[in-house]
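Engineer: Dumping the structure here so I can ask a few things about it.
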């Protein structure tokens, strides 16, 4: 965590590039997109393109509500996120925190028989899964074509340390080779395990905080606040991983 930063958009992106190539916002997949920030940012604020609070029934608001579910950034992309750098320009007086779950510690705490069960299992991730959990289905044909489901392992190894970690998200749907209801039940069980209080840190934002985390071993979610009353202006630069998690674990996957 880097407190009391004064970053322009360019400075934020320049710093993030030190850690690898940056993602482009999925908002560009919509022909009618009107971006408030540069296309390299994920705009996870509650503001429209005119910097005004969003309307209650706006598509953008209904889409963003799923950020309050536990997730890992961009696990729904074939090249998922390696790291995220989230910067706060405005925060609400109450709520709007971010909770982080350490999936390495959660993996370590699993029974040995569960670790063996999860070894080399692959889940199918899709942004449509996480949005459907809150009944959001308003996607364009372009978005559906550009964001097909992708495979990701349930347990991955962090290359720099050799440490194993769960790799979970609300984006995860079925588990390859399992009946769908059994796979979803297992994913829900693992997320519940990984988000117990002993594995979770809550960041209470202050203006100009910059928080960076390793998406390969961390889940997070935003907490509730009055998003129709208070501005929460936060922007995320996201560093892409080097390869799909299955490829990194030596598990062969079908071409997209």
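Numbering (this note's numbering), first residue to last: 9 to 264. Cβ atoms here follow ideal geometry from the backbone N, Cα and C, with glycine treated the same way. The structure presented is a predicted model; accordingly, all values stated were derived computationally and were not measured.
Using the C-alpha atoms, what's the distance from residue 227 back to residue 110?
Structural biologist: The straight-line gap from Cα to Cα measures roughly 7 Å.
Engineer: Leaving aside the five residues before and after residue 65 along the sequence, list all residues of the same chain whose C-beta is less than 7 Å from its C-beta, in chain order.
Structural biologist: Taken in chain order, the list of residues that qualify is empty.
Engineer: Output the distance between the C-alpha atoms of residue 263 and residue 233, rounded to the nearest integer angstrom.
Structural biologist: Because residue 263 carries a pLDDT of 47, less than 50, the predicted location of this residue cannot be relied on, and the following value inherits that uncertainty. Distance between the alpha carbons of residue 263 and residue 233 is about 41 Å.
Engineer: Are the CB atoms of residue 157 and residue 178 within a distance shorter than 9 Å?
Structural biologist: Result no, Cβ atoms of residue 178 and residue 157 do not sit closer than 9 Å.
Engineer: In angstroms with no decimal places, state the Cα-to-Cα distance between residue 10 and residue 213.
Structural biologist: Roughly 11 Å separates the two Cα atoms.
Engineer: Check the C-beta distance from residue 163 over to residue 127 and give it rounded, since I have them as a contact under 8 Å.
Structural biologist: Rounded, the Cβ-Cβ distance is 6 Å, consistent with contact.
Engineer: How would you label residue 185, buried or exposed, when you count the other beta carbons within 10 angstroms and need 16 or more for buried?
Structural biologist: The residue is exposed, with fewer than 16 neighbouring Cβ atoms inside 10 Å.
Engineer: So is residue 173 buried or exposed if we call it buried at 16+ other beta carbons inside 10 Å?
Structural biologist: Counting Cβ neighbours within 10 Å, residue 173 comes out buried, since at least 16 surround it.
Engineer: Once the 5 residues before and after residue 84 are set aside, which same chain residues still bring their CB inside 6 Å of it?
Structural biologist: Excluding residues within five positions, the ones whose Cβ falls inside 6 Å are 133, 134, 135 and 179.
Engineer: What's the gap between the Cα of residue 41 and the Cα of residue 67?
Structural biologist: Their backbone Cα atoms lie some 11 Å apart in a straight line.
Engineer: In the DSSP output, what is residue 209 paired with across the bridge?
Structural biologist: BP columns for residue 209 point to 108.
Engineer: Specify whether the region 243-251 and the region 18-35 touch according to this definition: at least 3 beta carbon pairs, one from each stretch, less than 8 Å apart.
Structural biologist: Verdict: yes, contact present.
Engineer: Hey, would you say residue 207 sits closer than 9 Å to residue 98, going by beta carbons?
Structural biologist: Not in contact: residue 207 and residue 98 (Cβ atoms no closer than 9 Å).
Engineer: Check for me: the alpha helix (DSSP H) holding residue 191 runs from which residue to which?
Structural biologist: 188-202 is the extent of the alpha helix (DSSP H) around residue 191.
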